[in-house]
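J.: Order-wise, the sequence lines are chains A and B. Just so you know, the numbering used here puts 6 at position 6 of the first sequence, and the rest follows in order with no gaps. Residues are numbered in the numbering used here as their position in the second sequence, beginning at 1, plus a constant of 211. Glycine included, C-beta positions come from ideal geometry on N, C-alpha and C. Fair warning: this is a prediction, and the values are worked out from it, not measured in the lab. Quick one: structure below, then a few questions.
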Amino acid sequence: MTPFASIQGPLALLDRNNVDTDAILPKQFMKSINRSGFGPHAFDEWRYLDAGELGMDCSKRPLNPDFELNQPRFQQAPVLLTRANFGCGSSREHAPWALLEYGFKAIIAESFADIFRANCLKNGLLVLTLDKPVIDQLFSAAKAQPGFAVDVDLQACTVRSSLGMLDFVLESSTREKLLNGWGDIELTLKHAAKIRAYETSRRQEKPWMFS
Amino acid sequence: MAATLYEKLWHSHVLHQDAAGESLLYIDRHLVNEVTSPQAFEGLRAAGRSAWDPASIIATADHSTPTEHWERGIEDSLARRQVEALDSNIRQSGALAYFPFRSADQGIVHVVGPELGATQPGMTIVCGDSHTSTHGAFAALAFGIGTSDVEHVLATQTLAMFKSRSMAIRVEGQLPKGVYAKDLALAIIAKIGTAGATGHVIEFLGSTVRQLSMEARMTLCNMAIEAGARAGLVAVDQVTIDYLKGRRFSPQGPQWEAAVAYWKTLHTDESAAFDRTVAMDARSLRPMVTWGTSPEMVVNLGGRVPDPLSEADPIRREGMARALRYMDLNPGTPMSEVNIDKVFIGSCTNARIEDLRVVAHIVRGRKIASNVTQALIVPGSGSVKRQAEAEGLDGVFLDAGFEWREPGCSMCLGMNADRLEAGERCASTSNRNFEGRQGMGGRSHLLSPAMAAVAALTGRLTDRLESVT
Numbered sequence: 001m002t003p004f005a006s007i008q009g010p011l012a013l014l015d016r017n018n019v020d021t022d023a024i025l026p027k028q029f030m031k032s033i034n035r036s037g038f039g040p041h042a043f044d045e046w047r048y049l050d051a052g053e054l055g056m057d058c059s060k061r062p063l064n065p066d067f068e069l070n071q072p073r074f075q076q077a078p079v080l081l082t083r084a085n086f087g088c089g090s091s092r093e094h095a096p097w098a099l100l101e102y103g104f105k106a107i108i109a110e111s112f113a114d115i116f117r118a119n120c121l122k123n124g125l126l127v128l129t130l131d132k133p134v135i136d137q138l139f140s141a142a143k144a145q146p147g148f149a150v151d152v153d154l155q156a157c158t159v160r161s162s163l164g165m166l167d168f169v170l171e172s173s174t175r176e177k178l179l180n181g182w183g184d185i186e187l188t189l190k191h192a193a194k195i196r197a198y199e200t201s202r203r204q205e206k207p208w209m210f211s
Numbered sequence: 212m213a214a215t216l217y218e219k220l221w222h223s224h225v226l227h228q229d230a231a232g233e234s235l236l237y238i239d240r241h242l243v244n245e246v247t248s249p250q251a252f253e254g255l256r257a258a259g260r261s262a263w264d265p266a267s268i269i270a271t272a273d274h275s276t277p278t279e280h281w282e283r284g285i286e287d288s289l290a291r292r293q294v295e296a297l298d299s300n301i302r303q304s305g306a307l308a309y310f311p312f313r314s315a316d317q318g319i320v321h322v323v324g325p326e327l328g329a330t331q332p333g334m335t336i337v338c339g340d341s342h343t344s345t346h347g348a349f350a351a352l353a354f355g356i357g358t359s360d361v362e363h364v365l366a367t368q369t370l371a372m373f374k375s376r377s378m379a380i381r382v383e384g385q386l387p388k389g390v391y392a393k394d395l396a397l398a399i400i401a402k403i404g405t406a407g408a409t410g411h412v413i414e415f416l417g418s419t420v421r422q423l424s425m426e427a428r429m430t431l432c433n434m435a436i437e438a439g440a441r442a443g444l445v446a447v448d449q450v451t452i453d454y455l456k457g458r459r460f461s462p463q464g465p466q467w468e469a470a471v472a473y474w475k476t477l478h479t480d481e482s483a484a485f486d487r488t489v490a491m492d493a494r495s496l497r498p499m500v501t502w503g504t505s506p507e508m509v510v511n512l513g514g515r516v517p518d519p520l521s522e523a524d525p526i527r528r529e530g531m532a533r534a535l536r537y538m539d540l541n542p543g544t545p546m547s548e549v550n551i552d553k554v555f556i557g558s559c560t561n562a563r564i565e566d567l568r569v570v571a572h573i574v575r576g577r578k579i580a581s582n583v584t585q586a587l588i589v590p591g592s593g594s595v596k597r598q599a600e601a602e603g604l605d606g607v608f609l610d611a612g613f614e615w616r617e618p619g620c621s622m623c624l625g626m627n628a629d630r631l632e633a634g635e636r637c638a639s640t641s642n643r644n645f646e647g648r649q650g651m652g653g654r655s656h657l658l659s660p661a662m663a664a665v666a667a668l669t670g671r672l673t674d675r676l677e678s679v680t
């Protein structure tokens with residue numbers, strides 16, 4: 001995983017609650033056995049006017065002008081601002097893969113679904129929550145000023161903008177992993193002896209679980 | 212010290228905890244499907260690793276497999292490649308059991324695991340699928356994970372995670388006739404919302420839950436994820452123990468007694484405290500149905516489409532208006548005036564033998580309505596299919612005009628050929644009514660198998676069984 005650097009840039013706005021992972025990456029693209037190639041299909045059924053299939057060239061497909069993220073001012077925006085319960089539904093990690101490839105490096109929301117949040121952090125996509133009144137202020141400011149930008153600093157756990165400096169909270173171990181780009185598996189395998197010891201005693205106490 | 216069931220399960224699996232509270236949780240059972248595992252096996256190979264404990268793995272192909280014309284194999288080349296990748300990965304890694312495409316016990320992994328006794332109380336069970344919460348019905352700590360965590364479990368037999376908060380949902384009283392666990396699940400989600408249990412593990416308690424069969428408890432825990440919960444749980448009782456006795460992977464001989472003695476400790480202690488408690492009265496429940504594009508958009512089947520103007524919060528109001536546009540419904544319309552095009556009876560929520568028996572009881576000797584263009588019944592597993600056929604249910608379904616398919620996830624998520632076309636409206640026993648979930652532009656109304664059967668007969672959403680006689 002690449003170490004997370006601080007992110008500066010405009011906000012893209014998706015002013016809705018309950019954006020589910022089926023919407024972020026529809027099921028027909030989950031037939032891929034790769035980790036990449038999902039970016040052009042992020043939000044496929046909202047983003048394009050035609051039906052999308054895996055492997056098609058998306059550069060010539062008709063864009064849906066009513067889909068918020070298709071607005072020219074949101075292109076290249078590295079930070080997504082949205083509402084409550086973002087990423088609910090299916091556990092598909094294809095959703096964060098698609099969002100990263102689309103170009104988002106951080107998502108700010110009122111709340112995230114548990115599995116989606118874990119999946120994002122595993123891939124170095126920073127998901128951070130702020131209180132609803134603060135989210136309301138960010139939406140108002142970003143709607144009023146095209147190009148409204150934020151500076152997300154993971155070292156300091158702050159989001160800076162023309163509205164001032166906002167603090168966010170992230171578990172210290174998660175923050176450290178992101179900042180250093182550490183992979184979970186390598187970290188866990190440092191405890192391999194503990195895992196073996198646990199397993200040995202569990203096999204003795206509850207042998208039926210191992211057959 | 213008094214502990215909740217969740218605390219007992221959690222603490223008995225933590226083998227390491229860091230200063231910030233992040234814990235390594237030992238994983239007893241790993242369910243593997245074809246859609247969320249190929250990239251994990253690829254990562255494992257690329258790092259030169261192998262599966263830590265192959266005997267923890269139960270694998271099957273369920274999401275992208277066809278449910279008809281099995282003699283033709285998998286005609287969709289992308290789906291075939293995915294299923295072949297699973298074949299090859301499991302051949303390499305090994306597994307406690309693998310049920311490949313077309314094998315006798317293939318089926319939805321959340322139906323197969325329990326019916327084989329591979330889902331046991333006190334286990335941690337994970338799968339790259341959010342509906343892994345189903346297995347919590349057995350007092351197992353069971354939850355969905357992403358593909359990176361699938362790889363993590365393959366490589367280390369553990370997961371690194373933080374403890375969730377605990378929520379008790381206490382349901383008392385007898386469910387009225389015609390009201391099922393599915394209605395209870397939808398009523399709970401309507402009450403607390405799809406993010407109501409985010410960050411929590413739910414335990415379902417109370418006299419209503421104790422009276423439910425294992426199948427019904429699985430339906431309830433299955434939908435816990437739709438309330439945002441990390442997992443759903445039901446404590447062990449005699450119903451659990453009776454269900455498990457004699458199944459293929461259940462403990463045998465002297466092991467059985469030892470296991471049962473342990474299982475009987477898997478309940479919340481009397482004085483243990485939950486972070487949050489919700490109370491429900493089962494006696495007041497009616498058959499439920501979703502009207503919108505989120506599982507929290509629920510009304511009584513006898514009710515009406517709600518009016519966004521009644522919602523004070525502007526974001527929620529716009530969400531409701533958007534859902535009504537997508538669903539092509541108007542505020543105030545009685546749900547019973549909503550005609551349907553298709554019926555789907557299946558999914559890890561409602562494709563067990565008990566569900567099929569309820570449907571057969573209702574449709575026996577009757578015909579589906581002429582405006583219903585397709586009515587699918589997709590059993591949850593090969594074993595469910597065989598049992599239904601042994602009871603003659605397949606004949607009942609076929610006579611009524613249903614299609615009787617091979618097992619799989621099917622139209623719940625439409626990864627295979629079973630899907631809604633744009634504009635089609637479906638009465639569905641599955642778990643998600645998101646935009647496009649069952650097919651791009653398709654409109655889903657979630658309900659119980661009984662009410663899906665009634666809808667098939669009347670051609671519209673209908674709240675009373677009597678209306679078909």
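Less than 7 Å between CB atoms is the rule here; does A:Y48 satisfy it with respect to chain B?
T.: Counted from its first residue, the first sequence places residue 48 of chain A at position 48. No, because no Cβ of chain B sits closer than 7 Å to the Cβ of A:Y48.
J.: Check A:L130 in the structure and name its three-state DSSP category.
T.: What you label residue 130 of chain A is simply residue 130 of the first sequence in a count that begins at 1. It is coil, neither helix nor strand.
J.: For A:A77 and B:L386, I'd like the C-alpha separation in whole angstroms.
T.: To locate residue 77 of chain A, count along the first sequence from 1; it is residue 77. To locate residue 386 of chain B, count along the second sequence from 1; it is residue 175. Using only the alpha carbons, I get a separation of about 51 Å.
J.: If you draw a straight line from the C-alpha of B:Y537 to the C-alpha of B:R527, how long is it?
T.: Residue mapping note: residue 537 of chain B aligns to position 326 of the second sequence, counting from 1. Residue mapping note: residue 527 of chain B aligns to position 316 of the second sequence, counting from 1. Their backbone Cα atoms lie some 15 Å apart in a straight line.
J.: Closest by CA to B:K374, which one among B:P465, B:S267, B:L352 and B:D287?
T.: In the second sequence, counting from the first residue as 1, residue 374 of chain B sits at position 163. Put simply, of B:P465, B:S267, B:L352 and B:D287 the residue whose alpha carbon is nearest the alpha carbon of B:K374 is B:L352.
J.: Express the C-alpha separation of B:R487 and A:P133 in angstroms, rounding to a whole number.
T.: Position 133 of the first sequence, counting from 1, holds the residue named residue 133 of chain A. Position 276 of the second sequence, counting from 1, holds the residue named residue 487 of chain B. Rounded to whole angstroms, A:P133 to B:R487 spans 24 Å at the Cα level.
J.: Taking DSSP's pairing of strands, which residues face B:N433 in a bridge?
T.: The residue labelled residue 433 of chain B in the question sits at position 222 within the second sequence. Beta-bridge pairing links B:N433 to no other residue.
J.: Is A:I33 closer than 7 Å to B:A296 when the C-beta atoms are compared?
T.: In the second sequence, residue 296 of chain B corresponds to position 85, counting from 1. In the first sequence, residue 33 of chain A corresponds to position 33, counting from 1. Yes, Cβ-Cβ distance for B:A296 and A:I33 is below 7 Å.
J.: What separation, rounded to the nearest whole angstrom, lies between the Cα atoms of A:W182 and A:S36?
T.: Walking along the first sequence from the start, residue 182 of chain A turns up at place 182. Walking along the first sequence from the start, residue 36 of chain A turns up at place 36. If I take the Cα positions, the gap works out to 20 Å.
J.: Ends of the beta strand (DSSP E) at B:H227?
T.: Stepping through the second sequence from its first residue, residue 227 of chain B is reached at position 16. Segment V225 to Q228, the beta strand (DSSP E) holding B:H227.
J.: Taking 7 Å as the CB-CB limit, is A:D22 close to chain B?
T.: Stepping through the first sequence from its first residue, residue 22 of chain A is reached at position 22. By this cut-off, A:D22 is an interface position.
J.: Count the other C-beta atoms from every protein chain shown that fall within 10 angstroms of the C-beta of A:F210, then say buried if there are 16 or more, exposed otherwise.
T.: Within the first sequence, residue 210 of chain A is the residue found at index 210, counting from 1. A:F210 counts as exposed, since fewer than 16 other beta carbons sit within 10 angstroms of its beta carbon.
J.: What does DSSP give as the partner residues of B:G318 in its beta bridges?
T.: Here residue 318 of chain B refers to the residue found at position 107 when the second sequence is read from its first residue. DSSP output for B:G318 lists B:S592 as bridge partner(s).
J.: What did DSSP end up calling A:W182 once you bin it into helix, strand or coil?
T.: Residue numbering aside, residue 182 of chain A sits at position 182 when the first sequence is read from its first letter. Here A:W182 sits in coil by DSSP.
J.: Any residues in the stretch 217 to 228 of chain B with a beta carbon nearer than 7 Å to a beta carbon of chain A? Which ones, in chain order?
T.: L226 and H227
J.: Is it buried or exposed, A:T200, if we count other Cβ atoms within 10 angstroms and call 16 or more buried?
T.: Mapped onto the first sequence, residue 200 of chain A falls at position 200. With fewer than 16 other Cβ atoms within 10 Å, it is exposed.
J.: Quick test of your reading: B:S592 and B:E279, contact by CB under 8 Å. State the CB separation rounded to the nearest angstrom.
T.: For the purposes of this step, residue 592 of chain B is taken as the residue at position 381 of the second sequence. For the purposes of this step, residue 279 of chain B is taken as the residue at position 68 of the second sequence. That belief does not hold up - the Cβ atoms of B:S592 and B:E279 are roughly 16 Å apart, past 8 Å.
J.: In chain A, what lies closer than 9 Å to B:S377 by C-beta?
T.: Counting from one through the second sequence, the residue named residue 377 of chain B turns up at place 166. Those within 9 Å of B:S377 in chain A number zero; the least Cβ separation is about 14 Å.
J.: I'd like to know whether the C-beta of B:S359 is nearer than 7 Å to at least one C-beta of chain A.
T.: Here residue 359 of chain B refers to the residue found at position 148 when the second sequence is read from its first residue. Closer than 7 Å to some Cβ of chain A, the Cβ of B:S359 qualifies, so yes.
J.: Tell me whether A:H41 is buried or exposed, calling it buried when 16 or more other Cβ atoms sit within 10 Å of its Cβ.
T.: Locating residue 41 of chain A in the first sequence gives position 41, where the first residue counts as 1. Of the residues assessed, A:H41 falls on the buried side of the cut-off, its CB having 16 or more other CB atoms within 10 angstroms.
J.: Within 7 Å of any Cβ in chain A, is that where the Cβ of B:T405 sits?
T.: Residue mapping note: residue 405 of chain B aligns to position 194 of the second sequence, counting from 1. It does: the Cβ of B:T405 has a partner Cβ on chain A nearer than 7 Å.
J.: Please report how far the alpha carbon of A:N180 lies from the alpha carbon of A:A84, in whole angstroms.
T.: By 1-based counting over the first sequence, the position of residue 180 of chain A is 180. By 1-based counting over the first sequence, the position of residue 84 of chain A is 84. Cα to Cα, A:N180 sits roughly 29 Å from A:A84.
J.: What are the start and end residues of each continuous beta strand (DSSP E) run of 3 or more residues lying completely inside the stretch 50 to 86 of chain A, in chain order?
T.: 79 to 82
J.: Take the Cβ of A:G87 as the centre, count every other Cβ of all protein chains shown within 10 Å, and call the residue buried at 16 or more, exposed below.
T.: Sequence index remark: in the first sequence, residue 87 of chain A carries index 87 (1-based). Answer is buried; the Cβ neighbour count reaches 16.
J.: Excluding sequence positions up to five away, which residues of its chain have a Cβ less than 8 Å from the Cβ of A:F67?
T.: The sequence position of residue 67 of chain A within the first sequence is 67, counting from 1. Excluding positions up to five away in sequence, the list reads F43, W46 and R47.
J.: Taking CB distances under 7 Å as the criterion, tell me whether B:I380 reaches chain A.
T.: In the second sequence, the residue the question calls residue 380 of chain B occupies position 169. B:I380 does not count as touching chain A.
J.: Using CA coordinates, which residue listed in B:A599, B:K596 and B:T358 is at the minimum distance from B:A251?
T.: Walking along the second sequence from the start, residue 251 of chain B turns up at place 40. When only C-alpha atoms are compared, the closest one is B:T358.
J.: Please report whether the beta-carbon of B:E233 lies at a distance below 7 Å from any beta-carbon of chain A.
T.: For the purposes of this step, residue 233 of chain B is taken as the residue at position 22 of the second sequence. Answer yes: the Cβ-Cβ gap between B:E233 and chain A drops below 7 Å somewhere.
J.: With a CB to CB cut of under 7 Å and the five nearest residues on each side skipped, what residues in its chain are close to B:T430?
T.: Stepping through the second sequence from its first residue, residue 430 of chain B is reached at position 219. Taken in chain order, the residues that qualify are A392, K393, A396, T560 and N561.
J.: For B:G653, I'd like the list of residues in its chain whose CB is within less than 6 Å of its CB, leaving aside the five on either flank, ordered along the chain.
T.: By 1-based counting over the second sequence, the position of residue 653 of chain B is 442. The beta carbon of B:G653 sits closer than 6 Å to the beta carbons of L631 and E635 from its chain, once the five residues preceding and following it are set aside; these are given in chain order.
J.: Check whether the Cβ of B:L587 lies closer than 7 Å to any Cβ atom in chain A.
T.: Here the question's residue 587 of chain B lines up with position 376 in the second sequence. Not an interface residue.
J.: Hey, which unbroken runs of the alpha helix (DSSP H) at 4 residues or more fall wholly within the stretch 388 to 459 of chain B?
T.: 392 to 403, 418 to 422, 425 to 433 and 449 to 455
J.: Kindly indicate which residue of B:G389, B:V323 and B:V516 has the alpha-carbon position closest to the one of B:I573.
T.: For this step, residue 573 of chain B is matched to residue 362 along the second sequence. With distances taken between Cα atoms, B:I573 lies closest to B:G389.
J.: Answer with yes or no whether the minimum CB distance from B:G557 to chain A is below 7 Å.
T.: Translated into the one-based positions of the second sequence, residue 557 of chain B becomes position 346. So, not an interface residue.
J.: Against chain A, which members of the stretch 280 to 306 of chain B pass a CB distance test of less than 7 Å?
T.: Cβ contacts with chain A: L289, A290, R292, Q293 and A296.
J.: For the candidate residues B:Q293, B:V420, B:I452 and B:A442, whose alpha-carbon lies nearest to that of B:W474?
T.: By one-based count along the second sequence, residue 474 of chain B stands at place 263. Of the candidates B:Q293, B:V420, B:I452 and B:A442, the one whose C-alpha sits nearest the C-alpha of B:W474 is B:I452.
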